[in-house]
Structures are given as C-alpha cells and as structure tokens.
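K.L.:
Here's a structure for you.
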Amino acid sequence: LTTKPQLVTDPTDAPALRTPTALDAQRVRQHSIMRVRPEATRIPPSMRTTSTLPTADPADEVDALSREFGGLPDIDAEGPITALPPAETDPNSPNFNAVGTVQEPTAKGMPLMVERPDGRLKRYFTVDGLQEAKYVGKRDPNLPPLDLMQDVELSLPEEQEINRNVVLIENTLMEFDIDIDVVDVNIGPTVTQYAVQPFREVSGAEGGTKLNRTRVSKIASLATDLALALSAKRLRLETPVPGHSYIGIEVPNKNPSTVALRSVYESRAFQDQAQKKKSPLFIPLGRDVTGAAVGIDLAQMPHLLIAGTTGSGKSVCMAAIATALILDNMPDQVKLIMLDPKMVELSRFNGLPHLIGPVETDQERIIGVLRWCTREMDRRYKLLEEHAARNIDTFNSRLGKRRREEQLPYIIMMVDEIGDLMLSHPEETEKSLTRLAQMARAVGMHLVVATQRPSVDVITGLIKANFPSRISFAVTSGVDSRVILDTIGAETLIGRGDMLYQPADAPNPRRIQGCFVSDDEVRAITNYWRDWHQKQIDAGKAEKIRIGPWERGLTRREFLAETDPMLEQAISLVIAEREASASLIQRRLGLGYPRAARIMDLMEELGVISPNKGGGRTREVLIKPGKDPFKDEIDKRLKGS
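Mapping of the sequence shown onto my numbering: residues 185 to 825, in sequence order.
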C-alpha cells in the first residue's frame with residue numbers, strides 16, 4: 185500500500201467523511217437506506233449489550249481484506265478515514281436516511297441485504313422489476329376488442345414509503361419487547377402487506393442458534409398501536425397468512441392504484457388461468473395483496489352473494505361482472521337476466537342481445553321473473569332427463585355442432601338489491617332464491633345477488649347456506665362481517681372496491697381490489713353489441729327483443745288480479761267436471777252466489793263455457809283439457825302493449 189489509511193473508531197474524532205475508493209466498487213455499492221439502530225434503552229433486555237458499535241479491531245479487518253483480495257489497491261485519501269455516524273432513530277429527523285453497506289440484489293424485486301451497525305443484516309426492499317408485462321391472447325374477431333376499454337397501469341408506492349413502514353413496524357414492536365423481522369413485502373394496488381416473522385434466530389450459549397419465538401396473539405393485540413405508529417386509516421392483520429409461516433400486516437397505500445378491467449385481462453396470470461379453466465363463465469375479479477390477477481369461475485361457485493355498505497363498490501362489482509361476461513361470450517353462449525330494484529345501476533345494459541328480456545325494476549314484476557326462472561329450471565331438467573345427461577355441458581356436447589340451435593345457453597341471474605324484495609315479499613323471494621340456488625347449477629343457471637343490508641332478516645340462514653361463495657365489501661361492524669363471511673375482517677376494509685372474497689372451497693377469505701369499469705367503457709361495449717345485433721336483424725338472422733318470456737306469466741297474473749284470483753281454480757274445476765254452474769262453484773270453492781255468478785260470466789267471456797241456456801240448466805264446457813284458457817286474452821294484451 186502506498187498510503188496507509190488512518191482508522192478512527194470514535195465518530196467525534198472524525199474530521200471528515202471517508203473518501204470513496206476503488207475498494208468500494210469491488211466489494212459493495214452504496215445505497216441510500218433507512219438505517220435501523222434503536223437506542224440502547226429501546227432494545228429489549230435480552231438483546232442489550234455493553235456497546236452497540238462493532239468491537240472488531242479495524243486493523244484486523246484491513247488485514248483480512250488484504251488476504252481476501254490478494255492485496256488492497258492504492259488509496260488516494262486526502263484525510264483520515266472516519267467511522268460512520270451513529271444511526272438516527274427518529275423518523276422525523278433529516279438524518280433518518282443514512283448511507284449503509286448493501287449487497288447486490290439477487291433478482292429483480294428481491295430485497296437487498298443491508299448490514300446494520302449492530303452487525304445484523306437488514307433487508308432493504310425495492311420495487312425494481314415489479315411492473316407486469318402485458319400479454320394478450322387470441323380473441324374471437326366477433327367479440328368486442330379490448331381497445332374499447334381504458335389502459336390504466338398500476339402505480340407502485342415509493343421505496344422510501346415501504347422501507348419507512350418496515351422501520352416503524354419493527355421499532356414499534358420492539359418497544360413492547362417483541363423482536364421480529366419483516367422478511368417480505370407484498371405490494372398490492374390498494375394495500376401493502378408486510379410479512380412479519382414472529383421469531384428470530386439468536387446465537388446460543390454454546391455457539392449454536394435457537395429460535396426466539398413470540399406469541400402470534402401478542403402481536404395481534406398491538407394492531408391499534410401499529411395503526412397509530414403507521415398513521416394508517418385502517419389496519420388489518422392476517423394471523424397467520426394461509427400457507428406461510430409469517431403474519432401479514434396490511435397497510436393502505438398513500439396513493440392507491442385503480443385496477444382496470446383491461447389490465448387484468450392483459451395479465452399473463454389471468455390468461456394462464458383462463459386457458460386451464462376453458463370455461464365461458466371464467467371472468468376477472470381483481471388483484472390480490474400481491475398484485476396478482478384473480479379470476480373466478482361462476483360455473484364452479486356456483487352462486488355468488490355480494491354485500492357491503494353504500495359506496496363500498498357493490499354496484500361497480502356487478503357492472504364489472506356483467507361487462508366481463510359480455511366481453512368474452514357471444515349472445516348464444518351466455519344469457520343474462522337483470523333485476524334492478526334500485527332502478528339506476530343495471531338499466532344501462534338494456535338493449536343487449538345477451539339479455540333474455542328488458543331489465544326489470546318493478547318489485548311485483550321481479551317476483552314474477554323469479555317464478556319464470558324456476559319454471560325454466562324445471563323445463564331444463566326435463567330435457568336433461570330425456571337425453572340422460574347429468575349437466576348442461578354433457579347435454580350440449582351430445583347435441584353436437586349440427587344441432588347448435590338446440591343447445592342450452594348459460595343463464596346468469598343478477599339481482600342488484602334483494603333487501604327491498606326481502607322486506608316486501610319475504611316468503612316468495614326466499615322460496616324462489618333458495619330453490620334456484622339448490623338446483624339450478626346443473627342446468628347452467630347461476631345467481632349473482634347483492635345487498636347493502638347485511639342483516640339476518642335479509643341474508644337468512646337458507647339463503648346463506650345455499651350461497652357458499654361470498655364477497656364482502658366494507659361494512660360498519662364486525663357483526664355485519666360475521667353475517668356475510670362467518671368471520672370478522674370486513675370492518676377493516678377501506679372501501680372503493682376493497683373486498684374480502686370467500687370461495688366455496690377455501691377456509692379463509694382473500695383480500696382483493698375489485699376491477700373498475702367506467703361508464704364510458706360500459707357504453708362502448710354495449711354500443712358494440714347493439715350495432716352487431718342490428719346487423720343480424722337486418723340480415724334476417726335475429727329478431728328484435730321486445731318482451732321477456734316471463735311477460736305472459738306476468739300478464740296472466742295481472743289479469744287474474746284485475747278480475748278474480750279464484751278464476752283459475754274455477755276454470756280447472758269445470759274442466760275436470762265437464763260441467764259448469766254457479767252452485768257447483770259455490771259448493772266446491774266455498775264462495776257466495778254473487779262471486780260465483782261473476783266467475784261464471786268471466787268464464788263465458790273467455791270462451792271456457794257456453795252462454796246461459798236458461799231454465800237453470802248447466803252450461804257446456806267448450807275448452808279441452810290441456811289448453812290455456814287465457815291464451816287469447818294474454819295475446820290481445822301483449823299485442824296492445
């Protein structure tokens with residue numbers, strides 16, 4: 185060595201900082217990091233030593249380096265080499281960010297290992313290489329292009345924010361005599377999950393190592409203290425993270441990112457899942473706390489219950505599900521039934537060729553639609569029985585491509601708010617939803633139901649038992665969270681699409697930021713399908729959708745309500761007896777003479793019985809068994825509408 189460096193162990197004797205040398209480039213590189221070295225009084229008693237500074241002789245370290253590298257290069261230093269200043273523990277201090285020794289990263293997105301002044305290695309987390317590459321598979325040219333949707337990239341939090349939170353978590357728990365390590369950081373669009381390892385390897389008395397464990401419940405009890413230290417609006421602890429040996433502390437990002445539907449479609453993870461599933465009902469749901477795309481298969485769920493307070497993201501989730509279904513399926517593959525008692529959310533989908541009928545908003549008509557759905561389910565079961573098929577996929581595959589027109593499409597029934605229906609028609613609503621949820625899966629009919637009233641009078645035991653897959657957005661209390669998910673946690677969500685998704689085949693809910701679909705995107709996609717449908721009508725390949733198939737049943741009930749609810753029973757009676765008289769109706773139905781006479785007049789108007797012959801003689805029954813006596817009246821009313 186041409187110049188022997190002067191080593192200073194006391195920081196107060198250092199006249200100047202050490203000049204960088206060629207040794208630095210060969211051995212390590214410098215990074216601006218947040219150094220963690222709490223004061224001696226803040227270190228747990230079991231970890232306290234007489235001195236927190238390294239006690240090794242600097243001259244011995246130089247000799248060791250010389251042997252390792254075959255001699256040290258020349259050092260051209262203008263002054264003596266100084267020791268690093270003590271680490272700053274106050275996060276608000278301008279000296280909180282100091283320079284430390286950092287190893288080269290092993291891979292993109294992996295943490296760097298930083299040597300702390302107390303000799304322990306500290307992880308420095310980076311966001312390098314975390315941006316996801318776009319991947320677009322082949323699409324049917326008849327389907328809407330993805331260019332109709334906005335391309336919004338995920339924004340990542342700053343490294344300084346992430347590592348600052350790591351420091352605050354470790355120091356806060358250290359104040360309560362809990363020595364832990366933050367071993368990993370999962371960056372999501374809305375929250376960042378800090379993986380806390382509830383144990384640390386410490387040196388034993390005989391030179392070995394042992395695990396210094398901490399009770400998980402002890403860390404969970406400090407959730408409020410952690411939220412205070414992190415200045416977090418809402419903090420959620422996952423104790424432990426399923427499938428891992430660490431605790432997840434989920435902290436909201438300062439600048440949350442929007443999860444666009446297109447970004448999930450263009451992710452490689454979602455495309456790989458879709459290729460494995462090969463299901464027309466596999467749609468994107470959002471991104472989890474690691475930023476990975478998440479998809480769901482409605483065919484396997486088989487029904488979905490969505491709940492949350494006003495403004496938490498239920499209606500946006502319903503719109504995203506509907507948009508995803510029409511984005512990936514032709515009208516002959518998937519049909520939609522939309523019931524919207526709120527009258528504002530689903531009406532924008534009117535006119536789609538995927539709809540079986542117009543979006544229904546009236547509560548009385550919605551009950552009639554649910555009745556039609558149960559009748560359609562029974563009809564499909566009879567078809568499956570005739571073809572000895574156990575489900576809709578087997579039925580369609582046996583028909584083959586030559587009989588494609590006879591194949592049964594999937595039917596997705598979407599109800600935006602069942603709270604009002606359960607209050608106005610509780611028995612009818614619960615009966616219809618329960619029967620559909622129990623039996624409709626095999627015939628390709630699936631329910632997606634939402635409510636903003638997560639109470640036991642709306643989400644009853646029967647409904648809850650038949651909707652194993654559930655989504656809970658932000659709720660006001662843990663009681664509401666238990667009603668939906670059978671566990672607490674939804675009360676800690678931050679709203680605006682932040683959800684807990686409970687699959688039917690998983691014991692624990694999964695936190696996901698739901699996909700966002702703007703009004704412009706919905707309008708662009710629906711206009712695409714309306715234009716496509718109009719071209720099919722002009723070519724004579726399709727007919728314009730005017731009324732739903734449930735309209736006849738609704739008109740029938742309206743006619744009976746206007747005339748007499750007992751009219752249908754009276755008609756069935758006279759057809760079975762093959763004779764008609766007022767006295768017969770009085771005796772068999774327990775009615776008075778004025779009402780029985782009125783029913784006789786109505787049956788005469790409908791053409792069910794012959795005119796009055798006088799003399800008290802019975803009238804002749806004109807209609808044959810099996811014929812609908814209301815057909816002509818219903819046709820006349822539908823034609824007039």
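All C-beta atoms, glycine included, are put in the ideal place defined by N, C-alpha and C.
1) So, with DSSP's three-state summary, where would you put residue 462?
2) Taking the alpha-carbon positions, what's the residue 782 to residue 756 distance?
3) With contact counted as at least three CB pairs below 8 Å, one residue from each stretch, are the region 638-658 and the region 578-588 in contact?
4) Buried or exposed for residue 437, going by 16 or more other Cβ atoms inside 10 Å?
5) Is it buried or exposed, residue 530, if we count other Cβ atoms within 10 angstroms and call 16 or more buried?
6) With the cut-off set at 7 Å, would you say residue 805 and residue 764 are in Cβ contact?
7) For residue 669, I'd like the list of residues in its chain whose CB is within less than 8 Å of its CB, leaving aside the five on either flank, ordered along the chain.
8) Going by DSSP in three states, residue 822 sits in which element: helix, strand or coil?
9) Should the region 533-542 be regarded as contacting the region 345-355, the criterion being three or more beta carbon pairs within less than 8 Å?
10) To which residues of the same chain is residue 473 closer than 7 Å at the C-beta, ignoring the five residues directly before and after it?
11) Quick one, are the C-beta atoms of residue 382 and residue 346 less than 7 Å apart?
12) Could you give the uninterrupted runs of the beta strand (DSSP E) lying entirely in the region 683-715, keeping only those of 3 residues or more?
13) Contact defined as beta carbons within less than 8 Å: I believe residue 525 pairs with residue 604. What is the distance between those atoms, to the nearest angstrom?
14) For residue 564, count neighbouring Cβ atoms within 10 angstroms of its own Cβ and tell me buried if that reaches 16, exposed if not.
15) Helix or strand or just coil, what does DSSP make of residue 645?
16) Between the C-alpha atoms of residue 511 and residue 470, what's the straight-line distance to the nearest angstrom?
17) Look at residue 445 and residue 333 and say whether their C-beta atoms are less than 7 Å apart.
18) Would you tell me roughly how many angstroms separate the C-alpha atoms of residue 733 and residue 557, rounded to the nearest one?
19) When you compare each of 490, 789, 710, 413 to residue 146 by their alpha carbons, which one comes out closest?
20) How would you label residue 498, buried or exposed, when you count the other beta carbons within 10 angstroms and need 16 or more for buried?
21) Whole-angstrom Cβ separation of residue 532 and residue 319, contact assumed at under 8 Å?
22) Give me the Cα-Cα distance between residue 234 and residue 363, rounded to the nearest whole angstrom.
23) What residues are listed by DSSP as bridge partners for residue 377?
24) What would DSSP say about residue 393, mapped onto helix, strand or coil?
25) Can you say whether residue 401 is buried or exposed, counting buried as having 16 or more other CB atoms within 10 angstroms of its CB?
26) With a threshold of 8 Å on Cβ separation, who are the neighbours of residue 716 within its own chain once the five nearest residues in sequence on each side are excluded?
27) So, helix, strand or coil for residue 214, using DSSP?
28) According to DSSP, is residue 350 part of a helix, a strand, or is it coil?
29) Does residue 473 come out as helix, strand or coil in the three-state DSSP assignment?
30) Give the straight-line distance between the Cα atoms of residue 675 and residue 790, rounded to the nearest whole angstrom.
31) For the beta strand (DSSP E) containing residue 633, list its first residue and its last residue.
32) On the DSSP letters alone, give me the boundaries of the alpha helix (DSSP H) that residue 667 sits inside.
33) Looking at residue 784: is its Cβ nearer than 7 Å to the Cβ of residue 766?
P.N.:
Result, derived from the coordinates:
1) Taking the first residue of the sequence shown as 1, we reach residue 462 at position 278. DSSP places residue 462 in coil when its eight states are reduced to three.
2) Stepping through the sequence shown from its first residue, residue 782 is reached at position 598. Stepping through the sequence shown from its first residue, residue 756 is reached at position 572. Near 16 Å, if we compare the C-alpha coordinates of residue 756 and residue 782.
3) By the Cβ rule, the region 638-658 does not count as touching the region 578-588, because fewer than three pairs are nearer than 8 Å.
4) Along the sequence shown, one-based indexing puts residue 437 at 253. It counts as buried.
5) Locating residue 530 in the sequence shown gives position 346, counting from the first residue. Around the beta-carbon of residue 530, 16 or more other beta-carbon atoms lie within 10 Å, marking it buried.
6) Along the sequence shown, read from residue 1 onward, the residue named residue 805 stands at position 621. Along the sequence shown, read from residue 1 onward, the residue named residue 764 stands at position 580. Yes. Within cutoff.
7) Stepping through the sequence shown from its first residue, residue 669 is reached at position 485. Counting only Cβ-Cβ distances below 8 Å, and skipping sequence neighbours, we find 654, 656, 684, 686, 693.
8) Counted from its first residue, the sequence shown places residue 822 at position 638. If DSSP states are grouped into helix, strand and coil, residue 822 belongs with the helices.
9) no
10) Position 289 of the sequence shown holds residue 473. Only 370, 372, 375, 377, 434, 695 meet the Cβ criterion.
11) As a working note, residue 382 is residue 198 in the sequence shown. As a working note, residue 346 is residue 162 in the sequence shown. No, the pair does not count as a contact, with Cβ atoms beyond the cut-off.
12) Whole beta strand (DSSP E) segments, 3+ residues: 694-698.
13) One-based indexing of the sequence shown puts residue 525 at position 341. One-based indexing of the sequence shown puts residue 604 at position 420. Sure, about 5 Å apart at Cβ, within 8 Å.
14) Mapped onto the sequence shown, residue 564 falls at position 380. Buried, because 16 or more other Cβ atoms sit within 10 Å of the Cβ of residue 564.
15) Counting from one through the sequence shown, the residue named residue 645 turns up at place 461. Here residue 645 sits in helix by DSSP.
16) As a first step, residue 511 must be located in the sequence shown, where it is residue number 327. As a first step, residue 470 must be located in the sequence shown, where it is residue number 286. Looking at the two C-alpha atoms, the distance is approximately 16 Å.
17) Position 261 of the sequence shown, counted from the first residue, corresponds to residue 445. Position 149 of the sequence shown, counted from the first residue, corresponds to residue 333. Cβ distance < 7 Å, so residue 445 and residue 333 count as in contact.
18) Within the sequence shown, residue 733 is the residue found at index 549, counting from 1. Within the sequence shown, residue 557 is the residue found at index 373, counting from 1. Their backbone Cα atoms lie some 10 Å apart in a straight line.
19) Shown here, the chain extends from 185 to 825; a query on residue 146 therefore has no answer.
20) Here residue 498 refers to the residue found at position 314 when the sequence shown is read from its first residue. Buried, by the Cβ-count rule.
21) Start at 1 with the first residue of the sequence shown, and residue 532 comes out as number 348. Start at 1 with the first residue of the sequence shown, and residue 319 comes out as number 135. Wrong, their Cβ atoms sit about 30 Å apart, outside the cutoff.
22) What you label residue 234 is simply residue 50 of the sequence shown in a count that begins at 1. What you label residue 363 is simply residue 179 of the sequence shown in a count that begins at 1. In this prediction, residue 234 has a pLDDT of 42, which is less than 50 and means its spatial position is unreliable; what the coordinates show is noted afterwards. Approximately 19 Å, taken between the alpha carbons.
23) What you label residue 377 is simply residue 193 of the sequence shown in a count that begins at 1. In DSSP, residue 377 forms a bridge with 370, 434.
24) Start at 1 with the first residue of the sequence shown, and residue 393 comes out as number 209. Reduced to three states, the DSSP call for residue 393 is strand.
25) Here residue 401 corresponds to residue number 217 of the sequence shown, with the count starting at 1. Classification of residue 401: exposed, given that the 10 Å Cβ count is below 16.
26) Counting from one through the sequence shown, the residue named residue 716 turns up at place 532. Around residue 716: 326, 537.
27) For the purposes of this step, residue 214 is taken as residue 30 along the sequence shown, with counting starting at 1. Note that residue 214 scores a pLDDT of 37, beneath 50, so its modelled location is shaky; the value from the coordinates is reported in the next line. Residue state, collapsed to three classes: strand.
28) By 1-based counting over the sequence shown, the position of residue 350 is 166. Of the three classes helix, strand and coil, the one that applies to residue 350 here is helix, per DSSP.
29) For this step, residue 473 is matched to residue 289 along the sequence shown. Note: residue 473 maps to coil in three-state DSSP.
30) As a working mapping, residue 675 is identified with position 491 in the sequence shown. As a working mapping, residue 790 is identified with position 606 in the sequence shown. Rounded to the nearest angstrom, the two C-alpha atoms are 59 Å apart.
31) By one-based count along the sequence shown, residue 633 stands at place 449. Residue 633 -> beta strand (DSSP E) spans 629-635.
32) In the sequence shown, the residue the question calls residue 667 occupies position 483. Residue 667 -> alpha helix (DSSP H) spans 662-669.
33) On the sequence shown, position 600 is the one that residue 784 refers to. On the sequence shown, position 582 is the one that residue 766 refers to. Closer than 7 Å, so yes.
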